[in-house]
Amino acid sequence: MNTQMLADTAKLLVADSKGLLAMDESDPTCNKRFALLNIPQTVEARRTYRELIITTPGLGESISGVILYDETIHQKKRDGTAFLQVLADAGIVPGIKVDTGAKDLAAHPGEKITEGLDGLRDRLKVYYQLGARFAKWRAVIAIGEGIPTRGCIEANAQALARYATLCQEAGLVPVVEPEVLMDGGHTLERCRVVTEEVLRTTFIQLNCQRVLLEGMILKPNMVLPGLACPPNKEVNEVAVGEQQYQVRLTDRPPDEQEDLDEVANLTMKTLWRTVPAAVPGVAFLSGGQSPELASARLNLMNLRFKSQLPWALSFSFARAIQQPALEIWRGEESNVKAAQQALLHRAKCNCAARRGEYTAAMERI
Ligand code: 13P
163 MNTQMLADTA KLLVADSKGL LAMDESDPTC NKRFALLNIP QTVEARRTYR ELIITTPGLG
223 ESISGVILYD ETIHQKKRDG TAFLQVLADA GIVPGIKVDT GAKDLAAHPG EKITEGLDGL
283 RDRLKVYYQL GARFAKWRAV IAIGEGIPTR GCIEANAQAL ARYATLCQEA GLVPVVEPEV
343 LMDGGHTLER CRVVTEEVLR TTFIQLNCQR VLLEGMILKP NMVLPGLACP PNKEVNEVAV
403 GEQQYQVRLT DRPPDEQEDL DEVANLTMKT LWRTVPAAVP GVAFLSGGQS PELASARLNL
463 MNLRFKSQLP WALSFSFARA IQQPALEIWR GEESNVKAAQ QALLHRAKCN CAARRGEYTA
523 AMERI
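Take any residue in the sequence shown, count from 1 to its spot, add 162: that is its number in my numbering.
Below is the structure:
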């Protein structure tokens with residue numbers, strides 16, 4: 163294993179306030195998003211959309227790496243230039259999603275296990291030869307009555323760890339994504355407890371499988387209340403580092419500063435407790451938050467805690483970068499320029515958030 167190369171790549175992915183752009187939606191997921199906007203659900207429409215994304219002028223100034231999918235890594239621009247060449251010209255590192263999706267976990271109703279370990283060693287070799295230098299595997303953990311179970315958390319953590327070592331053996335930096343989902347009516351506090359358990363278990367497994375911590379990126383969820391969580395004014399005392407904060411147990415409307423405070427404080431507390439200092443970067447997924455909230459929350463965490471953190475606090479967003487652009491594009495050639503501007507705007511907002519310099523005023527430009 164080339165430990166220096168892995169560590170250098172991982173550092174590069176979180177350098178200079180840049181972040182990752184996930185554009186690795188599977189065909190069914192991409193088609194679902196297209197269908198909502200009446201965009202044809204064809205290979206060519208998906209190719210055109212991905213071309214729009216990667217040819218956005220100036221993208222490489224805000225985005226260090228993009229996460230591709232097996233369909234896209236082989237694709238070309240309409241003029242015949244390989245997508246991988248476009249990315250190389252823009253100074254963007256190509257990554258690849260290598261899991262084959264989350265399936266029902268046997269004997270665990272309502273829970274999923276991510277698959278894709280069979281044949282992974284050979285697939286990784288091919289992706290490395292094509293030019294990919296990092297990879298992604300997403301585990302999903304649902305919160306509900308009686309779930310997540312230990313069985314689900316451990317099975318997913320072990321799969322993540324086995325994927326991560328295979329990646330490092332092949333020269334690819336693993337992006338390790340254990341996502342605690344926002345679906346459901348759970349409180350912020352419940353999400354904190356579950357996320358802590360999931361991350362703790364994930365790192366136990368990563369160590370067990372001898373993953374080089376310096377050569378990986380963690381891609382966690384922010385600690386958030388469930389999307390259907392009712393308002394609640396209950397207050398809790400929470401210690402973050404030296405300081406005590408008053409924290410309500412559920413979310414509030416997005417425009418309230420207190421909501422940002424709670425999410426930032428509890429997310430940091432959870433990461434501090436669980437993520438070893440040797441990990442170079444934590445790159446959040448957006449998970450269904452609005453693009454503006456995702457930027458505001460990332461910003462506050464960096465603004466308040468950056469100087470005390472051992473790891474870079476970055477982003478690896480799909481929806482929170484792509485969604486406004488997709489809604490502008492709607493499959494129309496005449497909308498490409500405006501869509502690219504919207505995409506670049508979100509990428510820049512998130513770079514500013516990494517520096518703690520994002521403001522709501524940026525959204526009015
Ligand atoms: P979202 O930012 O839309 O949650 O997607 C991130 C991702 O890569 C999911 O695997």
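All C-beta atoms, glycine included, are put in the ideal place defined by N, C-alpha and C.
query	result
For Lys468, the three-state DSSP class (helix, strand or coil)	helix
Given Val425 as reference, the closest of Leu447, Pro453 and Met463 once Cα atoms are compared	Met463
Beta-carbon proximity of Gly293 to Gly347, cut-off 9 Å	no
Where the beta strand (DSSP E) containing Val309 begins and where it ends	Going by the sequence as given, residue 309 is Ile instead of Val. It is not in any beta strand (DSSP E) - Ile309 carries neither H nor E in the DSSP assignment.
C-alpha gap between Leu350 and Glu273, whole angstroms	20 Å
Inter-residue spacing [alpha-carbon to alpha-carbon] between Arg199 and Pro190	It should be pointed out that residue 199 corresponds to Leu in this sequence rather than to Arg. In a straight line, the C-alpha of Leu199 is about 15 Å away from that of Pro190.
Span of the beta strand (DSSP E) around Ile235	Here Ile235 belongs to no beta strand (DSSP E); instead the alpha helix (DSSP H) covers Asp232 to Ile235.
is_contact[Lys298, chain D] using C-beta, thresh 9 Å	Looking at the structure shown, chain D is missing, and only one protein chain is on hand.
Closer than 8 Å: Ala297 CB and nearest the ligand 13P heavy atom	no
heavy atom of the ligand 13P below 8 Å from Ala482 C-beta	yes
Proximity of Pro438 and Ile483 at Cβ, strictly below 9 Å	no
Inter-stretch contact (C-beta, 8 Å, three-pair minimum) for the segment 178-186 and the segment 219-231	yes
The ligand 13P heavy atom lying under 8 Å from the CB of Glu339	yes
Asp266 - partner residues in DSSP beta bridges	Lys274
Option in Glu233, Gly263, Asp170 and Arg209 with minimal Cα separation from Val255	Asp170
CB of Ile235 within 9 Å of CB of Phe296, strictly	no
Distance between Met378 and Pro472 (C-alpha atoms, nearest Å)	14 Å
Cβ pair count under 8 Å reaching 3, the segment 238-251 against the segment 309-318	no
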